[in-house]
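Accompanying notes for the structure given below.
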Amino acid sequence: MSLFEKIQATANFISDKIKHKPEIGIILGSGLGGLIDCIEKEISIPYSEIPNFPVSTVQGHAGALVFGKMNGRQVVLMAGRFHYYEGYSMQELTFPVRVMKALGVENLVVSNAAGGMNKQFKIGDLMIITDHVNQFPEHPLRGKNDERLGTRFPDMGQPYDHELIAKAKDIAAKLGYPVQQGVYIGLQGPTFETPAEYRWLHIIGGDAVGMSTVPEVIVARHGGMKVFAMSVITDIGISDEPVTITHEEVLEAANHAAPKMAAIVEALVAYM
154 MSLFEKIQAT
164 ANFISDKIKH
174 KPEIGIILGS
184 GLGGLIDCIE
194 KEISIPYSEI
204 PNFPVSTVQG
214 HAGALVFGKM
224 NGRQVVLMAG
234 RFHYYEGYSM
244 QELTFPVRVM
254 KALGVENLVV
264 SNAAGGMNKQ
274 FKIGDLMIIT
284 DHVNQFPEHP
294 LRGKNDERLG
304 TRFPDMGQPY
314 DHELIAKAKD
324 IAAKLGYPVQ
334 QGVYIGLQGP
344 TFETPAEYRW
354 LHIIGGDAVG
364 MSTVPEVIVA
374 RHGGMKVFAM
384 SVITDIGISD
394 EPVTITHEEV
404 LEAANHAAPK
414 MAAIVEALVA
424 YM
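FYI, our numbering numbers position 178 of the sequence shown as 331, with every residue one higher than the one before it.
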């Protein structure tokens, strides 16, 4: 079965279970599951029940597609994402984005927990992603291209939609939430970065670094979707002193900042 056929089969399976087609897709990162509380839920489908879906193995990732209404708009929320470091191929970990597109999603909101490399940042800051640097060892579009999914050479001049970024900044200002903005660098993980790697990543233009988002955004843009993405800065890698980072600390910082991100995303969804 081809990738396109798998996507269609999965989308058909889901379509039979939902009453309303989603307009907006949301991908939740580590510790950011609180956004689920912003949805008037219609149905939640565990990944284990969805044909062709992988199953998330990481603490802090629930593992279900949640359908419902947020601020008057039909949404599908991916509670728990897949990562390259878990052993999935790029095609597998981006498969849910393909399915979202097949279900009718035109706008994608992506969140993540990230390490800060900008000395102006502090733990708990929200950073709107304005651009990214792809440092994954594999590209999600490598291989034969299916024109039904997107063009062979998609333009990445505006991976993150400028209009959505401007609106999110306006929303944050009205809510009284200060936000940073910057460039996200995606690495395969699963180790956190060494001090030398943090310095190098900052030198090449990064403000934050994480182990997700970039493949999903590339595939979303390949499919013609508009993308907005935001990071919670859960640790600061640029420091004059040695820094020890644990996944538990990342989750704690993400959970603390999640309500602010949820408020911004909820208002942005209404605008979309």
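For every residue, glycine included, the Cβ atom is placed at its ideal position computed from N, Cα and C.
Practice task
Mark LEU328 as exposed unless 16 or more other C-beta atoms lie within 10 angstroms of its C-beta, in which case mark it buried.
Solution key: Taking the sequence shown and counting its residues from 1, one reaches residue 328 at position 175. Exposed, by the Cβ-count rule.
Exercise for the section: Could you name the residues of the same chain whose beta carbon sits closer than 6 Å to that of VAL250, not counting the 5 residues immediately before and after it, in chain order? Expected result: Translated into the one-based positions of the sequence shown, residue 250 becomes position 97. Correct list, in chain order: GLU369, VAL372, ALA373.
Problem - Close beta carbons around GLU419, own chain, < 7 Å, minus the five adjacent residues each side - result: Numbered from 1 along the sequence shown, position 266 holds the residue referred to as residue 419. Excluding positions up to five away in sequence, the list reads CYS191, MET223, ASN224.
Handout entry: Inter-residue Cα distance where the pair is VAL263 and ALA411
Key = To locate residue 263, count along the sequence shown from 1; it is residue 110. To locate residue 411, count along the sequence shown from 1; it is residue 258. When rounded, the distance between both Cα atoms is 13 Å.
Problem - Where VAL372 falls: helix, strand or coil (DSSP) - result: On the sequence shown, position 219 is the one that residue 372 refers to. Note: VAL372 maps to helix in three-state DSSP.
Exercise for the section: Please confirm whether any heavy atom of the ligand SAM lies closer than 7 Å to the CB of ILE171. Expected result: In the structure on display, the ligand SAM does not appear, and there are no ligands present to speak of.
Handout entry: Which listed residue (VAL336, MET364, GLN341, PHE345) has its alpha carbon closest to that of HIS355
Key = For the purposes of this step, residue 355 is taken as residue 202 along the sequence shown, with counting starting at 1. Of VAL336, MET364, GLN341, PHE345, the residue nearest in Cα terms is VAL336.
Exercise for the section: Assuming GLN333 and MET280 form a contact by the criterion Cβ under 8 Å, report the distance between their Cβ atoms to the nearest whole angstrom. Expected result: Working through the sequence shown from its first residue, we reach residue 333 at position 180. Working through the sequence shown from its first residue, we reach residue 280 at position 127. Sure, about 4 Å apart at Cβ, within 8 Å.
Exercise for the section: Could you give the DSSP three-state label for PRO432: helix, strand or coil? Expected result: Residue 432 cannot be examined here, being either before or after the span of the chain that is shown, 154 to 425.
Practice task
Identify the continuous beta strand (DSSP E) that holds PHE220 and give its terminal residues.
Solution key: Working through the sequence shown from its first residue, we reach residue 220 at position 67. Per DSSP, PHE220 belongs to the beta strand (DSSP E) from 217-223.
Problem - Inter-residue Cα distance where the pair is LYS379 and TRP353 - result: Along the sequence shown, one-based indexing puts residue 379 at 226. Along the sequence shown, one-based indexing puts residue 353 at 200. Whole-angstrom Cα-Cα distance: 30 Å.
Handout entry: Outcome for ARG234 when other beta-carbon atoms lying within 10 angstroms are tallied against a minimum of 16
Key = Residue mapping note: residue 234 aligns to position 81 of the sequence shown, counting from 1. Label assigned to ARG234: buried.
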